[in-house]
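Asker: Can you read through this structure? Questions will come right after.
There are 2 protein chains.
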Amino acid sequence: MPIAKKGSHTGIIKTFKKIQSEVQSINRIALSVDCVIFGFDENKLKVLLIRSDLKKFHGRWSLLGDLVKPDQDLDAAAYEILKQRTGLNDVYLEQVHTFGEVNRHPAGRVVTVAYCSLINVQHHRLKILDNELHWHEVESVKDLAFDHQKIFEMCYAWLQKRVQEHPLGLSLLPSKFSLRELQNLYEAILNIKLDRRNFRKKFFAMDFLVDMNEDEQNVPHRPGRLYKFDYEKYERKKKVWTGIDF
Amino acid sequence: MPIAKKGSHTGIIKTFKKIQSEVQSINRIALSVDCVIFGFDENKLKVLLIRSDLKKFHGRWSLLGDLVKPDQDLDAAAYEILKQRTGLNDVYLEQVHTFGEVNRHPAGRVVTVAYCSLINVQHHRLKILDNELHWHEVESVKDLAFDHQKIFEMCYAWLQKRVQEHPLGLSLLPSKFSLRELQNLYEAILNIKLDRRNFRKKFFAMDFLVDMNEDEQNVPHRPGRLYKFDYEKYERKKKVWTGIDF
DNA sequence: AAATAATGTGTGTAATTTACACAATAAAAT
DNA sequence: ATTTTATTGTGTAAATTACACACATTATTT
Numbered sequence: 120m121p122i123a124k125k126g127s128h129t130g131i132i133k134t135f136k137k138i139q140s141e142v143q144s145i146n147r148i149a150l151s152v153d154c155v156i157f158g159f160d161e162n163k164l165k166v167l168l169i170r171s172d173l174k175k176f177h178g179r180w181s182l183l184g185d186l187v188k189p190d191q192d193l194d195a196a197a198y199e200i201l202k203q204r205t206g207l208n209d210v211y212l213e214q215v216h217t218f219g220e221v222n223r224h225p226a227g228r229v230v231t232v233a234y235c236s237l238i239n240v241q242h243h244r245l246k247i248l249d250n251e252l253h254w255h256e257v258e259s260v261k262d263l264a265f266d267h268q269k270i271f272e273m274c275y276a277w278l279q280k281r282v283q284e285h286p287l288g289l290s291l292l293p294s295k296f297s298l299r300e301l302q303n304l305y306e307a308i309l310n311i312k313l314d315r316r317n318f319r320k321k322f323f324a325m326d327f328l329v330d331m332n333e334d335e336q337n338v339p340h341r342p343g344r345l346y347k348f349d350y351e352k353y354e355r356k357k358k359v360w361t362g363i364d365f
Numbered sequence: 120m121p122i123a124k125k126g127s128h129t130g131i132i133k134t135f136k137k138i139q140s141e142v143q144s145i146n147r148i149a150l151s152v153d154c155v156i157f158g159f160d161e162n163k164l165k166v167l168l169i170r171s172d173l174k175k176f177h178g179r180w181s182l183l184g185d186l187v188k189p190d191q192d193l194d195a196a197a198y199e200i201l202k203q204r205t206g207l208n209d210v211y212l213e214q215v216h217t218f219g220e221v222n223r224h225p226a227g228r229v230v231t232v233a234y235c236s237l238i239n240v241q242h243h244r245l246k247i248l249d250n251e252l253h254w255h256e257v258e259s260v261k262d263l264a265f266d267h268q269k270i271f272e273m274c275y276a277w278l279q280k281r282v283q284e285h286p287l288g289l290s291l292l293p294s295k296f297s298l299r300e301l302q303n304l305y306e307a308i309l310n311i312k313l314d315r316r317n318f319r320k321k322f323f324a325m326d327f328l329v330d331m332n333e334d335e336q337n338v339p340h341r342p343g344r345l346y347k348f349d350y351e352k353y354e355r356k357k358k359v360w361t362g363i364d365f
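Protein chains in written order, with the working numbering: chain A, 120 to 365; chain B, 120 to 365.
Structure below.
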């Protein structure tokens with residue numbers, strides 16, 4: 120029988136043996152990852168959903184997720200989902216939040232870690248083999264299965280905030296892109312209109328865009344210049360102090 | 120024997136029964152919460168640590184944490200820690216990140232969810248009953264047990280960023296505070312010097328400070344005016360669009 | 001050759017940020 | 001009571017950044 124550690128006034132401190140026994144038997148919980156996979160297509164921000172297979176949620180859509188295996192790193196579990204579902208490897212993936220209400224899942228206690236992923240739909244387009252998968256416009260996503268609506272909304276809000284302070288949004292575009300595409304992307308994510316001249320000035324002033332000396336192809340109007348984003352320079356120069364502002 | 124769902128091309132989709140069986144037997148993992156509890160005292164940012172009880176980490180300090188029970192909400196588990204360790208109820212608590220590497224804990228597979236908490240040390244001062252608990256200056260925190268150093272560093276970086284865009288930092292001060300105290304707080308958290316006049320102008324311009332018509336007591340110099348922060352007004356007025364800037 | 005639809009560029013104004021110095025006040029020391 | 005000390009409280013000018021706004025240019029399509 121484990122005892123409270125000598126020196127503890129509270130009885131909270133545990134011996135290694137006690138912790139070990141707790142870790143190994145009781146107190147275990149199923150853990151899953153759910154991925155909110157964003158794409159950008161036809162100037163719309165989209166999210167990849169799968170039709171829920173559970174009768175209880177007949178026909179409702181849900182996020183892509185799976186249980187984490189006991190010998191699997193958490194991040195690896197999220198990458199695994201992406202690999203399986205999109206066929207893509209090096210994609211942008213970031214953990215957003217963990218949802219741990221007791222009754223959030225009908226099959227029992229399942230705590231889930233939500234990840235956001237941003238992928239270039241062009242690369243992915245040919246790889247949706249599974250006809251239960253579908254890209255949905257973010258504005259029309261509602262009534263998802265489980266608590267996935269809440270998870271989705273938190274991830275979408277996270278993206279809207281994050282995209283203003285970090286260049287992750289560019290992962291939604293081809294590596295070469297025009298400023299028009301970039302602006303359309305920001306307008307779609309943030310759901311606002313931006314002034315074109317000021318938008319360009321802003322990005323040129325940041326000085327992370329590399330001119331590819333190449334123009335757009337196959338556009339029914341004057342082609343725009345193509346640029347790529349210099350991530351290395353961004354990593355060197357990124358700011359830590361942005362100023363107190365709320 | 121569970122089978123892949125009809126209509127699945129990949130065999131990834133699972134039946135409810137299969138999910139239920141996975142949730143209920145295999146694939147379970149121990150889940151813990153760890154709290155990075157910040158305090159502000161003597162113009163220094165501090166963090167509350169406990170001496171590790173595990174022989175393996177003899178004498179090393181660690182974060183305050185515990186396993187999550189199967190019938191306990193995740194957030195509730197974090198509040199529980201705070202309540203136990205500080206005796207405080209309504210404290211600021213926010214989830215930061217989940218750490219899920221397979222070998223991060225010596226007692227087996229334990230995934231941990233890190234929370235940051237900010238408490239007013241004045242309220243707490245008399246309640247450290249446990250002599251294994253100690254407030255450490257953040258700059259001198261090193262070599263924590265487990266992967267707690269990494270967790271701490273991520274939470275500290277999170278705080279430094281978050282405090283610039285959200286008034287959570289004020290939870291470290293008494294509800295009535297002078298602008299000098301507020302500035303000291305920001306300087307301690309961000310580890311920079313700020314211009315006093317511009318700092319004041321900034322905060323007054325935000326217009327969330329309420330003049331208490333009261334001055335500091337027991338200071339060995341001209342007392343400063345006391346203010347409180349109007350959280351309700353902040354909630355009504357807080358900005359969503361801050362501008363693209365990275 | 002004209003019409004279309006987009007690209008690419010600059011300037012003035014307003015708002016915000018930064019740098020910076022001195023008088024007023026309360027407490028403590030004499 | 002007077003002086004000294006330490007800190008509060010305030011204003012302005014200069015620099016920077018954000019914002020609003022219009023026209024000439026270039027491919028493509030008709």
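For each residue, glycine too, the CB sits at the ideal point set by N, CA and C.
1. Can you pull the chain B residues whose beta carbon is under 9 Å from the beta carbon of A:Gln-283, in chain order?
2. Is there a Cβ from chain B that is less than 8 Å from the Cβ of A:Ser-127?
3. If you draw a straight line from the C-alpha of B:His-243 to the C-alpha of B:Ala-307, how long is it?
4. On the CB-based measure, 16 or more other CB atoms within 10 Å of its CB, does A:Asn-162 come out buried or exposed?
5. State the DSSP-derived secondary structure class of B:Gln-268, mapped to helix, strand or coil.
6. Who pairs with B:Thr-231 in a beta bridge, going by DSSP?
7. Nearest-angstrom Cα distance between B:Pro-293 and A:Asp-190?
8. Name the chain A residues that come within less than 7 Å of B:Glu-213, Cβ to Cβ?
9. What span of residues does the alpha helix (DSSP H) with B:Glu-258 cover, start to end?
10. Using 8 Å as the limit for Cβ to Cβ distance, is B:Pro-121 near chain A?
11. Going by C-alpha distance, which of B:Glu-251, B:Ala-324, B:Phe-296 and B:Asp-334 is nearest B:Val-177?
12. Report the option in B:Asp-185, B:Pro-225 and B:Thr-205 whose CA atom is closest to the CA atom of B:Val-232.
13. Would you kindly work out how many angstroms separate the C-alpha atoms of B:Val-359 and A:Thr-217, rounded to a whole number?
14. So, at 6 Å on beta carbons, what are the nonlocal neighbours of A:Ser-171 in its own chain, with the 5 sequence-adjacent residues on each side left out?
15. Report the rounded CA-to-CA distance for A:Phe-271 versus A:Asp-262, giving the unit in angstroms.
16. As an exercise, report each continuous alpha helix (DSSP H) stretch of at least 4 residues that is fully enclosed by the stretch 303 to 336 of chain A, in chain order.
17. When you compare only the Cα positions, how much space is there between B:Leu-345 and B:Glu-333?
18. Return the residues of the stretch 137 to 167 of chain A that lie within a Cβ-Cβ distance of less than 7 Å from chain B, sorted by chain order.
19. Should B:Phe-169 go down as buried or exposed, given a rule of 16 or more other Cβ atoms within 10 Å for buried?
20. Does chain B have any CB closer than 8 Å to the CB of A:Thr-217?
21. Find the residues of chain B that neighbour A:Ala-226, judging by a C-beta separation of less than 7 Å, and give them in chain order.
22. Which whole-angstrom value describes the C-beta separation of B:Glu-256 and B:Lys-165, a residue pair presumed to lie in contact below a C-beta threshold of 8 Å?
23. Taking DSSP as the reference, what is the three-state secondary structure of A:Arg-344?
24. Which residues mark the beginning and the end of the alpha helix (DSSP H) in which B:Leu-207 is found?
25. So is B:Met-273 in contact with chain A if we call contact Cβ pairs under 8 Å?
26. Against chain B, does A:Gln-302 count as a neighbour if the rule is that its beta carbon must be under 8 Å from one of theirs?
27. Would you identify the three-state DSSP class for B:Lys-356, choosing helix, strand or coil?
28. Checking the sheet assignment: what are the DSSP bridge partners for A:Lys-163?
29. Find the nearest neighbour of A:Gln-279 within the set B:Ile-363, B:Lys-188 and B:Val-230, judged by alpha-carbon distance.
30. Do B:Gly-343 and B:Val-240 have their beta-carbon atoms positioned less than 8 Å apart in this structure?
31. Are the C-beta of B:Lys-347 and some C-beta of chain A separated by less than 8 Å?
32. Closest Cβ-Cβ distance between B:Lys-357 and chain A: below 8 Å?
33. Kindly indicate which three-state DSSP category B:Ala-123 falls into: helix, strand or coil?
34. Name the one or two DSSP bridge partners that A:Trp-180 has.
35. Using the Cα positions of B:Leu-183 and A:Glu-284, report the straight-line distance between them to the nearest angstrom.
36. A:Tyr-305 touches chain B at which residues, Cβ-Cβ below 9 Å?
Answerer: According to the structure data:
1. As a position in the first sequence, residue 283 of chain A is number 164, starting the count at 1. Per Cβ cutoff of 9 Å: Trp-360, Thr-361, Gly-362, Ile-363, Asp-364 and Phe-365.
2. By one-based count along the first sequence, residue 127 of chain A stands at place 8. Bear in mind that the predicted position of A:Ser-127 carries a pLDDT of just 40, short of 50, making it unreliable; the figure below should be weighed with that in mind. Judged by the 8 Å Cβ criterion, A:Ser-127 is in contact with chain B.
3. In the second sequence, the residue the question calls residue 243 of chain B occupies position 124. In the second sequence, the residue the question calls residue 307 of chain B occupies position 188. The straight-line gap from Cα to Cα measures roughly 20 Å.
4. Counting from one through the first sequence, the residue named residue 162 of chain A turns up at place 43. Answer is exposed; the Cβ neighbour count stays below 16.
5. Counting from one through the second sequence, the residue named residue 268 of chain B turns up at place 149. Helix.
6. Within the second sequence, residue 231 of chain B is the residue found at index 112, counting from 1. Beta-bridge pairing links B:Thr-231 to B:Ser-151 and B:Phe-218.
7. Here residue 293 of chain B is taken as the residue at index 174 of the second sequence, counted from 1. Here residue 190 of chain A is taken as the residue at index 71 of the first sequence, counted from 1. If I take the Cα positions, the gap works out to 46 Å.
8. One-based indexing of the second sequence puts residue 213 of chain B at position 94. Under the 7 Å cutoff, chain A gives no residues; its nearest Cβ is about 10 Å from B:Glu-213.
9. As a first step, residue 258 of chain B must be located in the second sequence, where it is residue number 139. It is not in any alpha helix (DSSP H) - B:Glu-258 carries neither H nor E in the DSSP assignment.
10. As a working mapping, residue 121 of chain B is identified with position 2 in the second sequence. With a pLDDT of 40 at B:Pro-121, under the threshold of 50, the modelled position of this residue cannot be trusted, and the question is left open.
11. Within the second sequence, the letter at position 58 stands for residue 177 of chain B. A small correction: the amino acid at residue 177 of chain B is His; Val does not occupy that position in the sequence shown. For the residues B:Glu-251, B:Ala-324, B:Phe-296 and B:Asp-334, the minimum Cα distance to B:His-177 belongs to B:Glu-251.
12. As a position in the second sequence, residue 232 of chain B is number 113, starting the count at 1. Residue B:Asp-185 is the option with its Cα nearest to B:Val-232.
13. Position 240 of the second sequence holds residue 359 of chain B. Position 98 of the first sequence holds residue 217 of chain A. Their backbone Cα atoms lie some 23 Å apart in a straight line.
14. Along the first sequence, read from residue 1 onward, the residue named residue 171 of chain A stands at position 52. Same-chain partners within the cutoff: Arg-179, Ser-181 and Ala-264.
15. As a working note, residue 271 of chain A is residue 152 in the first sequence. As a working note, residue 262 of chain A is residue 143 in the first sequence. In a straight line, the C-alpha of A:Phe-271 is about 11 Å away from that of A:Asp-262.
16. 315 to 325
17. Locating residue 345 of chain B in the second sequence gives position 226, counting from the first residue. Locating residue 333 of chain B in the second sequence gives position 214, counting from the first residue. Each residue's alpha carbon lies about 6 Å from the other.
18. Ile-138, Gln-139, Glu-141, Val-142, Gln-143, Asn-146, Arg-147, Ile-148, Ala-149 and Leu-150
19. Against the second sequence, residue 169 of chain B aligns to sequence position 50. The amino acid at residue 169 of chain B is misidentified as Phe; the sequence shows Ile. Classification for B:Ile-169: buried.
20. Stepping through the first sequence from its first residue, residue 217 of chain A is reached at position 98. Chain B contact via Cβ: present.
21. Position 107 of the first sequence, counted from the first residue, corresponds to residue 226 of chain A. Simply Phe-135, Ile-138, Gln-139 and Val-142.
22. Within the second sequence, the letter at position 137 stands for residue 256 of chain B. Within the second sequence, the letter at position 46 stands for residue 165 of chain B. Indeed, because the Cβ distance is near 6 Å, the residues count as touching under 8 Å.
23. Here residue 344 of chain A corresponds to residue number 225 of the first sequence, with the count starting at 1. Looking at A:Arg-344 - three-state DSSP - the assignment turns out to be strand.
24. Locating residue 207 of chain B in the second sequence gives position 88, where the first residue counts as 1. Careful: B:Leu-207 lies outside any alpha helix (DSSP H) and carries neither H nor E.
25. The sequence position of residue 273 of chain B within the second sequence is 154, counting from 1. So, not an interface residue.
26. The residue given as residue 302 of chain A occupies position 183 in the first sequence. It does not; no Cβ of chain B falls within 8 Å.
27. Position 237 of the second sequence, counting from 1, holds the residue named residue 356 of chain B. In the structure shown, B:Lys-356 sits in a helix (DSSP, three-state: H, G or I).
28. Walking along the first sequence from the start, residue 163 of chain A turns up at place 44. Answer by DSSP bridge pairing, in chain order: A:Asp-160.
29. Reading the first sequence from its first residue, position 160 is the one you call residue 279 of chain A. The shortest C-alpha separation from A:Gln-279 is found at B:Ile-363.
30. The residue given as residue 240 of chain B occupies position 121 in the second sequence. The residue given as residue 343 of chain B occupies position 224 in the second sequence. Going by C-beta atoms, B:Val-240 is not nearer than 8 Å to B:Gly-343.
31. In the second sequence, counting from the first residue as 1, residue 347 of chain B sits at position 228. So no, B:Lys-347 is outside the interface.
32. Here the question's residue 357 of chain B lines up with position 238 in the second sequence. Yes, because at least one Cβ of chain A sits closer than 8 Å to the Cβ of B:Lys-357.
33. On the second sequence, position 4 is the one that residue 123 of chain B refers to. Bear in mind that the predicted position of B:Ala-123 carries a pLDDT of just 39, short of 50, making it unreliable; the figure below should be weighed with that in mind. Reduced to three states, the DSSP call for B:Ala-123 is coil.
34. As a working mapping, residue 180 of chain A is identified with position 61 in the first sequence. Paired residues: A:Arg-170.
35. One-based indexing of the second sequence puts residue 183 of chain B at position 64. One-based indexing of the first sequence puts residue 284 of chain A at position 165. B:Leu-183 and A:Glu-284: Cα-Cα distance of roughly 32 Å.
36. Locating residue 305 of chain A in the first sequence gives position 186, where the first residue counts as 1. Per Cβ cutoff of 9 Å: Ile-363.
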